[in-house]
Amino acid sequence: DVKVTQSSRYLVKRTGEKVFLECVQDMDHENMFWYRQDPGLGLRLIYFSYDVKMKEKGDIPEGYSVSREKKERFSLILESASTNQTSMYLCASSPAGGGQFFGPGTRLTVL
Amino acid sequence: GESVGLHLPTLSVQEGDNSIINCAYSNSASDYFIWYKQESGKGPQFIIDIRSNMDKRQGQRVTVLLNKTVKHLSLQIAATQPGDSAVYFCAENVGGGYNKLIFGAGTRLAVHP
């Protein structure tokens, strides 16, 4: 079975802090994705990566950056957290030509 | 747990009945479709997929139907159980590489005993 893990299920941070969200997949997938999910807005793509050290902006990249130094790991970085970044963050991975498999999510609260 | 989405359409069914969840997709060039199930507080779970060269695919208790003429996708769940209660999303892959998906808003399925 595909396994996508995220470093934290729940996280509470203060405004202005730098936040790292880690995602690891164990299926050697080429593609990895970061989404946020908010009530009434559905899933919105922040960034994705199709290869090591490669990244592409999604629909809402502002305020975020990403890092993919190894194929299995894709990190989302909030350089200076703000209250409007309080959300559920979901990581996904997919093979070329296949469906996306999601992690359990990280619920981030920024105070 | 916190709800996945507010004001989602809701389908209420009795335990043991069959459920049909519908989805209209947007892009006639989409070539791959997926249904996801999301329980409260959890990440979306891959249920079943179908490629555009098929019009029906069956899994365990689930069937996906694809009508490309009207850009419509449906998920049928046989003998619905309380554990099927969740939000269900369809997703379409518009191609062009990278496996980017466009997600539907979702439908909440409520199963009553």
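If you read the sequences in order, they're chains A and B.
The first sequence lines up with residues 186 to 296 when you count with the numbering used here.
The second sequence lines up with residues 2 to 114 when you count with the numbering used here.
In this text, a Cβ means the ideal position worked out from N, Cα and C, and glycines have one as well.
As the structure is a prediction and not an experimental result, all values here were calculated from the model.
Exercise for the section: Leaving out five residues on either side along the sequence, give the residues of the same chain with a beta carbon under 8 Å from the beta carbon of Met239 (chain A). Expected result: Arg253
Practice task
Note down, in chain order, each residue of its chain lying with its Cβ closer than 7 Å to the Cβ of Ser250 (chain A), except the 5 sequence neighbours on either side.
Solution key: Ile262 and Glu264
Exercise for the section: Compile a chain-ordered list of the residues in the region 87–102 of chain B whose CB is closer than 9 Å to at least one CB of chain D. Expected result: As a matter of chain content, chain D is missing from the structure shown, whose protein chains are A and B.
Practice task
Verify the CB distance criterion: does Pro289 (chain A) have a CB-CB separation below 7 Å to chain B?
Solution key: yes
Handout entry: Element boundaries [beta strand (DSSP E), containing Ala281 (chain A)]
Key = Unbroken run through Ala281 (chain A): none, as it is neither H nor E.
Problem - Nearest to Leu9 (chain B) (by Cα), restricted to the options B:Gln15, B:Gln82 and B:Cys24 - result: B:Cys24
Exercise for the section: Give me the Cα-Cα distance between Tyr120 (chain B) and Pro45 (chain B), rounded to the nearest whole angstrom. Expected result: Limits of chain B in this structure are 2 at one end and 114 at the other, which puts residue 120 (chain B) out of reach.
Exercise for the section: Measure the CB-CB distance between Glu257 (chain A) and Gln191 (chain A) and report whether it falls below 7 Å. Expected result: no
Handout entry: beta strand (DSSP E) segment containing Gln59 (chain B), residue limits
Key = Lys57 to Gln59
Exercise for the section: Measure from the C-beta of Gly284 (chain A) to each C-beta in chain B and report whether the shortest distance is under 7 Å. Expected result: yes
Handout entry: Within 9 Å of chain B by C-beta, residues of the region 265–276 of chain A in sequence order
Key = Met273, Leu275 and Cys276
Practice task
Kindly confirm or deny that the region 83–95 of chain B and the region 27–35 of chain B touch, where touching means at least three C-beta pairs closer than 8 Å.
Solution key: yes
Handout entry: Proximal residues of chain A, C-beta to C-beta of Lys57 (chain B) below 9 Å
Key = By Cβ distance, chain A contributes nothing, its closest Cβ being about 18 Å from Lys57 (chain B), past 9 Å.
Exercise for the section: Report all residues from its chain with a CB closer than 6 Å to the CB of Thr294 (chain A); omit the five preceding and five following residues, and keep chain order. Expected result: Val197 and Thr271
Exercise for the section: Given a cut-off of 7 Å, decide if Lys57 (chain B) and Ile48 (chain B) are closer than it, judged by their beta-carbon atoms. Expected result: no
Problem - Host beta strand (DSSP E) of Arg253 (chain A) (start-end) - result: Ser250 to Lys255
Problem - Opening and closing residue of the beta strand (DSSP E) in which Ser13 (chain B) lies - result: Thr11 to Gln15
Practice task
Helix, strand or coil for Asn94 (chain B), going by three-state DSSP, please let me know.
Solution key: strand
Handout entry: Rounded Cβ spacing between Leu228 (chain A) and Tyr220 (chain A) (contact assumed at less than 8 Å)
Key = 5 Å
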